[in-house]
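I have placed the structure first, in the form of structure tokens, so that the comments after it can refer back to it.
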Amino acid sequence: MLEQNIKKVLVSHDEIVVAAQQLGAQLTAEYEGKNPILVGILKGSIPFMAELIKHIDTHIELDFMLVSSYHGGTASSGVINIIKDLDKDVEGRHILFVEDIIDTGQTLKTLRDMFIERKAASVKIATLLDKPEGRTVEIEADYTCFTIPNEFVVGYGLDFDENYRNLPYVGVLKEEVYSN
Ligand code: PRP
Numbered sequence: 000m001l002e003q004n005i006k007k008v009l010v011s012h013d014e015i016v017v018a019a020q021q022l023g024a025q026l027t028a029e030y031e032g033k034n035p036i037l038v039g040i041l042k043g044s045i046p047f048m049a050e051l052i053k054h055i056d057t058h059i060e061l062d063f064m065l066v067s068s069y070h071g072g073t074a075s076s077g078v079i080n081i082i083k084d085l086d087k088d089v090e091g092r093h094i095l096f097v098e099d100i101i102d103t104g105q106t107l108k109t110l111r112d113m114f115i116e117r118k119a120a121s122v123k124i125a126t127l128l129d130k131p132e133g134r135t136v137e138i139e140a141d142y143t144c145f146t147i148p149n150e151f152v153v154g155y156g157l158d159f160d161e162n163y164r165n166l167p168y169v170g171v172l173k174e175e176v177y178s179n
């Protein structure tokens, strides 16, 4: 059972659904008539993206990017490598990045700058979780569902060693699980 390795639930499934409903309503109003491309960053964004789009009641397109990041390094920090890019040109298009978490901010800062360079009509960010204490670069999401403390969280897309993404809530992992 996955639950036995969880110290506490930080954000419950019900809270996530309510937040996605509220954000979906906001996005419906914001993007009416703009046909935005919602861009999920693989793999962590999948559960949040799946819930969020159910609550957006206007035309949107979906796409995904896969990037690899080098966190915590010195020389390479801030560098991200694009493994899968979008399928189409974004010039003149409204882009909304959808993420599970912003931590150092490096992933989204790099992507946002890249899409401004690509001449997107607008570039915004929606994140399920924000961990402001982790930030090493200046970036804020336009839409944040939950601000969380600097703890090791898993679930709802977030992994430890590729596991726990399928938990239906966000929880704090027991220390003995990752300190062994
Ligand atoms: C996580 C998360 C974000 C990024 C945020 O992805 O999904 O993409 O880290 O961190 P940052 O703000 O410090 O850049 P990860 O690279 O762990 O890949 P995953 O989505 O496959 O888990």
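Numbering (numbering that gives the first Met the number 0), first residue to last: 0 to 179.
Glycine residues also receive a C-beta, built at the ideal position from the N, C-alpha and C atoms.
Small disclaimer: the values here were computed from a predicted structure and weren't measured.
Residue i, DSSP secondary structure in three states
i           : result
residue 147 : coil
residue 18  : helix
residue 72  : Per-residue confidence for residue 72 stands at a pLDDT of 47, beneath the threshold of 50, marking its modelled position as unreliable; no derived number is given.
residue 119 : coil
residue 110 : helix
residue 12  : helix
residue 182 : A question about residue 182 goes unanswered here, because the residues of the chain that appear run from 0 up to 179.
residue 140 : coil
residue 57  : coil
residue 104 : coil
residue 1   : helix
residue 135 : coil
residue 91  : coil
residue 31  : coil
residue 178 : helix
residue 26  : helix
residue 85  : coil
Cβ-Cβ distance between residue i and residue j below 8 Å
i           : j           : result
residue 140 : residue 115 : no
residue 153 : residue 166 : yes
residue 79  : residue 105 : yes
residue 5   : residue 170 : yes
residue 127 : residue 99  : yes
residue 1   : residue 163 : yes
residue 48  : residue 37  : yes
residue 138 : residue 119 : no
Strand pairing of residue i, partner residues [DSSP]
i           : result
residue 159 : 162
residue 80  : 67
residue 39  : 63, 97
residue 153 : 170
residue 126 : 98, 143
residue 7   : 171
Checklist entry - Do the segment 158-175 and the segment 49-61 touch if we need at least three Cβ pairs shorter than 8 Å? => result no
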